[in-house]
């Protein structure tokens, strides 16, 4: 005799009894807090005591689980990190689930646990949410949206703050998330110790800001380091000069990208930050990053310049250089 | 010769050039404002000057267009109304799109225009967003998530504020949204002048609060009036007595529900509000609602009592009564 595996059915999205069951049995036990437990249409929160920062991301990564994380961890890190990069202390998340009929309830529990664990780690509360269910074939398992509210602690960050001579830093090796997801898809004919860099950046970003002299922070997710750096300087009078041999790429990531014909500079990171700092602040920021878990590999990879306005220029060890454009096409679809 | 219809491709979700095109050509022209134009990872907003209220909803309605609205209008109204019902003035929305490869670009433009128009009507700004693309078959056209931030203007609303003798009001006829979507699906063998009630409730809720004596507001979306009223009293010592012949149901909705074997009391509304007020405030709140567009049909439908703790009791014109439970099963899947 086989035991039936419990699955999500359309009833769970009705707004009726089954929806209430899902909330009471799976969601509240994982996330319960004063604001959420009230189950109003919206969460009433304490005064922020400063300017709100607001961000959102939807997550459609496939497969839902990969070395180093899963769609739940990613959904928390993605929005938490966006808030951090905007100079905020992340405080509250909303969580909206689009579930596919037939999703094993155990998968949902695993993802919800992962969300709860990562939220605790990042110091944020899940205070409001929503659940929808679509028919079989309508959502590839599950999609997740999070939105987040933080309070601004570092005003004035942004592209406009960049100055010629600024240092370009990265908190660790690049492209791990992209490579790990490709491995999880079975698109690599190798067994590697690839693991996603997926992690919340609340401590690293706070430490960088405390060290001083930070002009701009971003996490290089979709499109990778190359695309993100292009966004820093496009349509402006500045350029970024990157030193190819200064950019940290793990051997396994490099090998995986070689096999797939990809460039690690365009592969997504989900727990790395790029920081542009005043030149004289670079060493202090690097020291602050290196002192923290996830920042041990922080290093300087380039400099803001003026020679090639609007461009990102990669300088090779042999003295050559080439322009790194934005990602064209969909190098790595559904990476987050 | 046929002209190729422009469609969304996987490239639009890459985070690279095509994503930037989508943002620059379709999204920014529709929503542009100072916070969004900055295109940082998060939107930095002005101090709210009060307590934040935070809410989110994902929208998976099928079909994407129906009489009286579309998924874009619904996505704005849904979250705006949740904020309003929680006693907030809605201020800011995030917008996250999950697009299916192959979606005609014209459909996206239509939906985006609808979002922009409804946001203007409701007085909210779209300040941050995200776009993902999934392969053909992965999202039934498009799914939308909105999250919203408002500022609390009426503290103390909630189930705990209910008192025996309180009046139960509704701002207009019930079940129109559910019936209109079913008609759009071609599930009704009739041509009717059914139209969704989908609309932002910012003015109606503000007017009700200004009139005074409001204890609780909710919009009866999924699960309809019956399910929402159950949530007001479940697990408590109060009940709600409804007068069946006082509940406004449009003739076309009634006919459609008859044909489908549905009960209008369980059909979704997306632009109606239930308000529970102190008995002596009911007339003033009704007058305030009736003076506004969308509130012309406001009426009193019941009373908070104590006889059947935790229950919603429907009293029929002939003197009978029956318990209205929460919706069981998925009466109307993907209604919002």
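Protein chains in written order, with my numbering: chain G, 1 to 336; chain L, 1 to 336. For glycine and all other residues, C-beta sits at the position ideal for the given N, C-alpha and C.
Under 8 Å from the C-beta of residue i: neighbouring residues of chain G
| i | result |
| --- | --- |
| residue 149 of chain L | 52, 54, 149 |
| residue 227 of chain L | 15, 16 |
| residue 326 of chain L | 16, 17, 20 |
| residue 82 of chain L | 41, 42 |
Contacts of residue i in chain L (Cβ-Cβ under 7 Å)
| i | result |
| --- | --- |
| residue 218 of chain G | 41 |
| residue 137 of chain G | 137 |
| residue 44 of chain G | 51, 53, 86, 152 |
| residue 98 of chain G | 58, 60, 143 |
Partners in chain G for residue i, counting only beta-carbon separations shorter than 7 Å
| i | result |
| --- | --- |
| residue 222 of chain L | 14, 15 |
| residue 118 of chain L | Those within 7 Å of residue 118 of chain L in chain G number zero; the least Cβ separation is about 18 Å. |
| residue 338 of chain L | Missing from the structure shown is residue 338 of chain L; chain L here goes from 1 to 336 and no further. |
| residue 261 of chain L | Here the premise fails: no neighbours, minimum Cβ distance about 16 Å. |
| residue 127 of chain L | 54 |
Exposed unless 16 or more other CB atoms sit within 10 angstroms - verdict on residue i
| i | result |
| --- | --- |
| residue 55 of chain L | buried |
| residue 251 of chain G | exposed |
| residue 204 of chain L | buried |
| residue 1 of chain G | Its pLDDT being 46, under 50, residue 1 of chain G is placed unreliably by the model, and the measurement read from it follows with that caveat. With fewer than 16 other Cβ atoms within 10 Å, it is exposed. |
| residue 271 of chain L | buried |
| residue 79 of chain G | buried |
| residue 126 of chain G | buried |
| residue 230 of chain L | buried |
| residue 322 of chain G | exposed |
| residue 129 of chain G | buried |
| residue 258 of chain L | exposed |
| residue 136 of chain G | exposed |
| residue 341 of chain L | No information on residue 341 of chain L is available, as it lies outside the stretch 1 to 336 that chain L covers here. |
| residue 145 of chain L | buried |
| residue 147 of chain G | buried |
| residue 293 of chain G | exposed |
Best match in the options for proximity to residue i [C-alpha to C-alpha]
| i | options | result |
| --- | --- | --- |
| residue 265 of chain G | G/202, G/234, G/177 | G/177 |
| residue 256 of chain G | G/288, G/272, G/17, G/332 | G/332 |
| residue 67 of chain L | L/51, L/47, L/186, L/236 | L/186 |
| residue 224 of chain G | G/16, G/29, G/326 | G/326 |
| residue 138 of chain G | G/101, G/131, G/194 | G/101 |
| residue 120 of chain G | G/134, G/30, G/313, G/174 | G/30 |
| residue 20 of chain L | G/210, G/222, G/243 | G/222 |
| residue 4 of chain G | G/15, G/36, G/105 | G/105 |
| residue 44 of chain L | L/17, L/22, L/149 | L/149 |
| residue 235 of chain G | G/312, G/147, G/35 | G/312 |
| residue 38 of chain L | G/269, G/287, G/216 | G/216 |
Bridge partners - residue i, DSSP secondary structure assignment
| i | result |
| --- | --- |
| residue 283 of chain L | The partner list for residue 283 of chain L (beta bridge, DSSP) is empty, contrary to what the question assumes. |
| residue 218 of chain G | G/274 |
| residue 7 of chain L | L/104 |
| residue 132 of chain G | G/98 |
| residue 125 of chain G | G/92 |
| residue 326 of chain L | For residue 326 of chain L, which the question treats as bridged, DSSP gives no partner whatsoever. |
| residue 299 of chain L | L/170 |
Beta-carbon contacts of residue i that lie in its chain and below 7 Å, excluding the five residues immediately before and after
| i | result |
| --- | --- |
| residue 143 of chain G | 58, 59, 60, 98 |
| residue 348 of chain L | Nothing in the structure corresponds to residue 348 of chain L, since chain L is present only between 1 and 336. |
| residue 103 of chain G | 7, 8, 141, 142 |
| residue 202 of chain G | 80, 84, 90, 122, 123 |
| residue 133 of chain G | 8, 10, 12, 13, 99, 101 |
| residue 289 of chain L | 171, 204, 207, 208, 295, 298 |
Contacting residues, own chain, Cβ-Cβ under 6 Å from residue i (five flanking each side not counted)
| i | result |
| --- | --- |
| residue 115 of chain G | 72, 76 |
| residue 167 of chain G | 277, 279, 282, 300 |
| residue 303 of chain G | 241 |
| residue 226 of chain L | 265, 266, 324 |
| residue 181 of chain L | 66, 335 |
Other residues of its chain near residue i: CB distance less than 8 Å, five sequence neighbours each side excluded
| i | result |
| --- | --- |
| residue 155 of chain L | 51, 87 |
| residue 151 of chain L | 48, 49, 50, 51, 52, 53, 88, 89, 91 |
| residue 64 of chain G | 70, 71, 107, 111, 141, 142 |
| residue 315 of chain L | 241, 242, 243, 244, 321 |
| residue 18 of chain L | 9, 11, 12 |
Proximal residues of chain G, C-beta to C-beta of residue i below 9 Å
| i | result |
| --- | --- |
| residue 323 of chain L | Those do not exist, as residue 323 of chain L stays about 14 Å from chain G at its closest Cβ, beyond 9 Å. |
| residue 272 of chain L | Correct list: empty, because the minimum Cβ distance to chain G is about 13 Å. |
| residue 48 of chain L | 47, 48, 51, 52 |
Cross-chain neighbours of residue i in chain L, by beta carbon under 9 Å
| i | result |
| --- | --- |
| residue 30 of chain G | Going along chain L, no residue has its Cβ under 9 Å from residue 30 of chain G, so there is no contact; the nearest lies around 17 Å. |
| residue 334 of chain G | 10, 13, 132, 133, 134, 135, 138 |
Proximal residues of chain L, C-beta to C-beta of residue i below 8 Å
| i | result |
| --- | --- |
| residue 238 of chain G | Those within 8 Å of residue 238 of chain G in chain L number zero; the least Cβ separation is about 17 Å. |
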